[in-house]
């Protein structure tokens with residue numbers, strides 16, 4: 240999914256938003272916001288805008304929200320139950336690390352092969368598509384420091400703050416599916432808008448190139 244559209248979907252998953260709100264959050268023009276919203280509406284991912292009541296007289300404001308189709312594709316909210324499950328795993332096993340490591344193995348086995356012969360761009364395209372199917376609403380962009388992979392939705396919303404093992408698992412999963420060294424540079428549980436990861440060439444690849 241286009242990076243800006245993925246960000247819009249992630250923001251609308253949190254709550255309904257108006258065009259001015261999206262414009263300010265994304266740092267783009269209102270016209271560009273409307274263009275992306277129209278595309279998402281045609282794809283059936285965003286509902287027709289609803290009028291928002293104003294406290295003072297003035298022009299009506301319209302808020303956008305995800306459609307039932309998009310909501311059905313997003314992770315279900317079972318935070319309390321999942322939290323108890325993680326606590327039970329820790330109590331039974333003494334540590335959840337082994338369980339999460341096995342889960343990373345299973346998930347990464349489902350992803351497209353992160354072959355070192357493929358370009359980093361194609362690996363990131365495949366990783367973003369794969370992670371989006373798992374509920375992360377992922378996208379990537381080039382930055383001055385290197386490629387940045389964004390996960391615009393957290394499948395563990397409400398859990399990650401209490402269970403940092405989940406964030407560690409994500410870091411390992413993204414390392415596996417990109418076939419690169421990864422550094423987290425933004426962290427949603429600490430107040431950032433998304434979790435973002437700086438993608439660096441794998442150490443072995445750098446040594447081989449040298």
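Numbering (the numbering used here), first residue to last: 240 to 449. The C-beta atom is built at its ideal place from N, Cα and C for all residues, glycine as well. Please read these numbers as outputs of a predicted model, since none were measured by experiment.
Can you give me the start and stop residues for the alpha helix (DSSP H) that residue i sits inside?
i, result
"residue 249", "242 to 253"
"residue 364", "359 to 372"
"residue 409", "403 to 417"
"residue 399", "Element bounds for residue 399: n/a, residue is neither H nor E."
"residue 259", "258 to 265"
"residue 347", "336 to 349"
Comparing alpha-carbon positions, which option in the options lies nearest residue i?
i, options, result
"residue 420", "348, 257 and 440", "440"
"residue 411", "368, 386 and 337", "337"
"residue 328", "438, 404 and 417", "404"
"residue 342", "437, 433 and 415", "415"
"residue 280", "264, 309 and 299", "309"
"residue 264", "246, 274 and 278", "246"
"residue 345", "290, 408, 437 and 396", "408"
"residue 425", "417, 418 and 437", "437"
"residue 372", "385, 347 and 384", "347"
"residue 429", "358, 413, 418 and 400", "400"
"residue 289", "304, 363 and 427", "304"
"residue 360", "385, 266 and 402", "385"
"residue 417", "278, 368, 339 and 274", "368"
"residue 413", "270, 330 and 340", "340"
"residue 402", "266, 326, 274 and 282", "326"
Hey, would you say residue i sits closer than 9 Å to residue j, going by beta carbons?
i, j, result
"residue 306", "residue 284", "yes"
"residue 365", "residue 382", "no"
"residue 254", "residue 262", "no"
"residue 259", "residue 298", "no"
"residue 435", "residue 370", "no"
"residue 302", "residue 256", "yes"
Just list the residues that DSSP pairs residue i with in beta bridges.
i, result
"residue 281", "For residue 281, which the question treats as bridged, DSSP gives no partner whatsoever."
"residue 435", "389 and 425"
"residue 290", "301"
"residue 420", "439"
Just to confirm the assignment, what range does the beta strand (DSSP E) spanning residue i have?
i, result
"residue 387", "385 to 390"
"residue 382", "377 to 382"
Does the pairing of the segment 378 to 390 with the segment 240 to 251 give three or more beta-carbon distances under 8 Å? Touching, yes.
Could you say if the segment 246 to 263 and the segment 386 to 406 meet the contact criterion of at least three C-beta pairs nearer than 8 Å? Touching, per the Cβ criterion.
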